[in-house]
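*Asks:* In this note's numbering, the protein residues as written are 11 to 301. From the three backbone atoms N, C-alpha and C, an ideal C-beta is built for every residue, glycine too. Predicted model, so just to flag it, every value in this text is computed and none were measured. Encoded as structure tokens, here's the structure I'll be asking about.
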């Protein structure tokens, strides 16, 4: 049984994965430049390392949960500097990045006796805290199966979706919907307020009926209370995700009018909304546009 985990990235998502793994009696090593993330991790019983080679050497499975594409690429370069490992290692790539970046990493890491599976999740940082995530795992089915207990430690469900790269394809579909759901939640709230409806009653009624969504359930209360920090998913992260979706649509010669309208609102927010804010803050950009 794979019981020693290395976690590269201990932020909102990676930190939650590590917490649940520790609570399920896994030994977890971690790397994160953020002192607060590292301090919280060690308070839970995790062990901080400063050397990627040591982390991989000591771990059976390594989880990558990184905030940006450049950081992901830098970590892959650091791993490439390591000597080939005598014992086979498994990396679970849980990042939302391009398919091309994932395939490039796979080709590089396999030379070091490291197998990689593509396993992004559907869910927010708030959902990660309560294990309300769905893993979309892809790659070698035998290796994915061996990681099933790991996924079950921090997610409510793992769905194997086939060959390597299918995970990020499904993640892009999910994030396309999240982009639209989050934006239209803000639109419904603003319209309701404009016509004199009570904000809490808007949430209560819409969340009880067919119009609800996970984004309405999780994000409308944040919009009502203007409670954007700490972020369950930051504008910085989601702007990166929007770029991934936009490039994927372009690469596949598709237009997506609803997504593109929502993405335009997010792009406008770059000059008005702090990138550390929760994506619920798109409500503030919508208010600016309607002044």
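How many Å lie between residue 16 and residue 128 at the Cα?
*Replies:* Taking the straight line joining both Cα atoms gives about 16 Å.
*Asks:* Cβ atoms of residue 184 and residue 244: under 8 Å apart, would you say?
*Replies:* Contact flag unset, no.
*Asks:* Can you tell me which of the three DSSP states residue 229 falls into?
*Replies:* In the structure shown, residue 229 sits in a helix (DSSP, three-state: H, G or I).
*Asks:* Given a threshold of 16 other Cβ atoms within 10 Å of its Cβ, counted over all protein chains shown, does residue 126 qualify as buried or as exposed?
*Replies:* Per the 10 Å Cβ criterion, buried.
*Asks:* Could you give the first and the last residue of the continuous beta strand (DSSP E) run that contains residue 128?
*Replies:* Residue 128 -> beta strand (DSSP E) spans 124-128.
*Asks:* With DSSP as the reference, identify every bridge partner of residue 168, one or two as the case may be.
*Replies:* DSSP, once it has assigned bridges, lists 145 as partnering residue 168.
*Asks:* Can you tell which of 106, 92, 37, 84 has the C-alpha that lies nearest to the C-alpha of residue 179?
*Replies:* Among 106, 92, 37, 84, the Cα nearest to that of residue 179 is on 106.
*Asks:* If you draw a straight line from the alpha carbon of residue 121 to that of residue 20, how long is it in whole angstroms?
*Replies:* Residue 121 and residue 20: Cα-Cα distance of roughly 27 Å.
*Asks:* Look at residue 18 and residue 86 and say whether their C-beta atoms are less than 8 Å apart.
*Replies:* No, these two residues do not count as a Cβ contact at 8 Å.
*Asks:* Could you please give the first and the last residue of the uninterrupted beta strand (DSSP E) stretch that includes residue 103?
*Replies:* Segment 99-103, the beta strand (DSSP E) holding residue 103.
*Asks:* For residue 246, collect the residues of the same chain with a Cβ closer than 6 Å to its Cβ; drop the 5 residues on either side in sequence, then sort them by chain order.
*Replies:* Same-chain partners within the cutoff: 285.
*Asks:* Considering only C-alpha positions, which residue in the set 153, 157, 145, 181 is nearest to residue 168?
*Replies:* Of the candidates 153, 157, 145, 181, the one whose C-alpha sits nearest the C-alpha of residue 168 is 145.
*Asks:* Buried or exposed, going by whether 16 or more other CB atoms sit within 10 Å of the CB of residue 221?
*Replies:* Classification for residue 221: exposed.
*Asks:* Which term fits residue 80, buried or exposed, when burial requires 16 or more other beta carbons within 10 angstroms of its beta carbon?
*Replies:* With fewer than 16 other Cβ atoms within 10 Å, it is exposed.
*Asks:* Pull the bridge partners of residue 16 from the DSSP assignment, please.
*Replies:* In the DSSP output, where bridge partners are listed per residue, residue 16 has 39, 72.
*Asks:* Is the region 266-278 touching the region 201-219 in the sense that three or more CB pairs, one from each, lie closer than 8 Å?
*Replies:* No, they do not touch.
*Asks:* When the Cα atoms are used, what is the spatial distance from residue 249 to residue 186?
*Replies:* Their backbone Cα atoms lie some 12 Å apart in a straight line.
*Asks:* Just reading off the alpha helix (DSSP H) that residue 27 is part of, what are its end residues?
*Replies:* Run containing residue 27: 24-33, per the alpha helix (DSSP H) assignment.
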